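The structure appears right after this line, and notes come after that.
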Amino acid sequence: MTTTNLFPLSTYRFRRRPFLALTVGGVLLAALVGSLSLGRSDAADPPTKAPSKPLPTAAASKQTSPVGDAQDDIAAKAAILQGPRWRRAIFELGEWLSSQQIYPPKEVIRIKSDFNRRVSRMTSHELEYLLDDLEAKFKVMETPEAQEARAWVGQYLSAMSDRRRDDVLKDVPNVVDMTAGQLSQEIGKIEQKRQSLKDRQAAFDDGRQVLVAEANANRQLTAQASAAATSRMNSGPSYSPYRSGGGGGGGGGGGKKPFDDVHGGGITVYSGGMFGGGGVAMTLGGF
Numbered sequence: 011m012t013t014t015n016l017f018p019l020s021t022y023r024f025r026r027r028p029f030l031a032l033t034v035g036g037v038l039l040a041a042l043v044g045s046l047s048l049g050r051s052d053a054a055d056p057p058t059k060a061p062s063k064p065l066p067t068a069a070a071s072k073q074t075s076p077v078g079d080a081q082d083d084i085a086a087k088a089a090i091l092q093g094p095r096w097r098r099a100i101f102e103l104g105e106w107l108s109s110q111q112i113y114p115p116k117e118v119i120r121i122k123s124d125f126n127r128r129v130s131r132m133t134s135h136e137l138e139y140l141l142d143d144l145e146a147k148f149k150v151m152e153t154p155e156a157q158e159a160r161a162w163v164g165q166y167l168s169a170m171s172d173r174r175r176d177d178v179l180k181d182v183p184n185v186v187d188m189t190a191g192q193l194s195q196e197i198g199k200i201e202q203k204r205q206s207l208k209d210r211q212a213a214f215d216d217g218r219q220v221l222v223a224e225a226n227a228n229r230q231l232t233a234q235a236s237a238a239a240t241s242r243m244n245s246g247p248s249y250s251p252y253r254s255g256g257g258g259g260g261g262g263g264g265g266k267k268p269f270d271d272v273h274g275g276g277i278t279v280y281s282g283g284m285f286g287g288g289g290v291a292m293t294l295g296g297f
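Take any residue in the sequence shown, count from 1 to its spot, add 10: that is its number in this note's numbering.
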């Protein structure tokens, strides 16, 4: 029995950047090479009697043998894994996993490990189907809608706390497990979510602008009223509101100044007298 390592760990360089491709690790596919010993006993058969049925040839035995089928499948699978299409697909998948902002590093490791495990158990036909599906998903990821969705999701999640982020991502499907059609649906959902939040933000901004405009208008009205009151106070003489007819220039006061109607008041200083002394006399006028 011969054990052949069909999938060695390789390092690829693409676009002048080193990239360690995802490989089928941990599983070595064994190719069982057996030979069928086809013969007959000379003692059992008469030397002159031809066999009743022709013995199967080695080529015919290989075509109908499970061992031959397994070897053919191993060879076909090795051809796929070593081909340029697979290398390109694995490079793109690794690039996406290293640049995305949805899955944390531990989840990326789990996704890669699960991917390797699945690939190691696939037949060549299943691997071919997986390769076709990966290429279809990469075409979806290269669309402007997908690129915008990925950029928006990264910004959307970066503003969240770790706990909130985990709650949001717990229901996010694994992109490796999705088909191209499912991936397109998820991108559509992300676009709807982005548009919904955008509309809500626009409505909030519009409402805030209305409140700011109303506050500015109220401040302007208050300032105008204060300026008008100050202008009226400084535009003419002052009148006493505490005497009859003194409520203003046009209210019957006759344009008199305050206390114009006060007479006889004042202070009188006198000296001499009967006893030769002096004194001060004050007379208060009536209000």
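No residue lacks a Cβ here, since even glycine has one placed at the ideal position from N, Cα and C. Here the structure is a predicted model, which is why all the values come from computation and not from measurement.
Where residue i and residue j are concerned, what is the direct C-alpha to C-alpha distance, given to the nearest angstrom?
i           : j           : result
residue 86  : residue 134 : 6 Å
residue 94  : residue 139 : 16 Å
residue 230 : residue 240 : 15 Å
residue 103 : residue 170 : 26 Å
residue 118 : residue 125 : 10 Å
residue 146 : residue 155 : 15 Å
residue 144 : residue 159 : 19 Å
residue 234 : residue 228 : 10 Å
residue 131 : residue 142 : 17 Å
residue 79  : residue 88  : 14 Å
residue 206 : residue 212 : 10 Å
residue 84  : residue 116 : 32 Å
residue 223 : residue 243 : 31 Å
residue 214 : residue 226 : 18 Å
residue 81  : residue 105 : 33 Å
residue 17  : residue 127 : Low per-residue confidence applies at residue 17: pLDDT is 34, beneath 50, and the placement is therefore not dependable enough to give any value.
residue 209 : residue 221 : 19 Å
residue 238 : residue 200 : 57 Å
residue 299 : residue 99  : An answer regarding residue 299 cannot be provided, because it is not within the stretch 11 to 297 covered by the chain.
residue 77  : residue 109 : 43 Å
residue 245 : residue 236 : 14 Å
residue 97  : residue 123 : 17 Å
residue 101 : residue 219 : 49 Å
residue 217 : residue 232 : 23 Å
Between residue i and the ligand ATP, is the CB less than 8 Å from at least one heavy atom?
i           : result
residue 201 : No copy of the ligand ATP occurs in the structure displayed, which carries no ligand at all.
Assuming residue i and residue j are in contact, meaning their beta carbons sit under 8 Å apart, how far apart are those beta carbons, in whole angstroms?
i           : j           : result
residue 137 : residue 121 : 18 Å between Cβ atoms; not a contact.
residue 167 : residue 173 : That belief does not hold up - the Cβ atoms of residue 167 and residue 173 are roughly 12 Å apart, past 8 Å.
residue 164 : residue 111 : 4 Å
So the candidates are the options; which of them puts its Cα closest to the Cα of residue i?
i           : options               : result
residue 204 : 98, 88, 162 and 99    : 162
residue 157 : 80, 197, 131 and 101  : 197
residue 177 : 113, 242, 238 and 222 : 113
residue 90  : 129, 218, 220 and 211 : 129
Closer than 8 Å is the cut-off here; do at least three beta carbon pairs connect the segment 187 to 196 with the segment 136 to 152? With a cut-off of 8 Å, the segment 136 to 152 and the segment 187 to 196 count as touching, because enough Cβ pairs lie within range.
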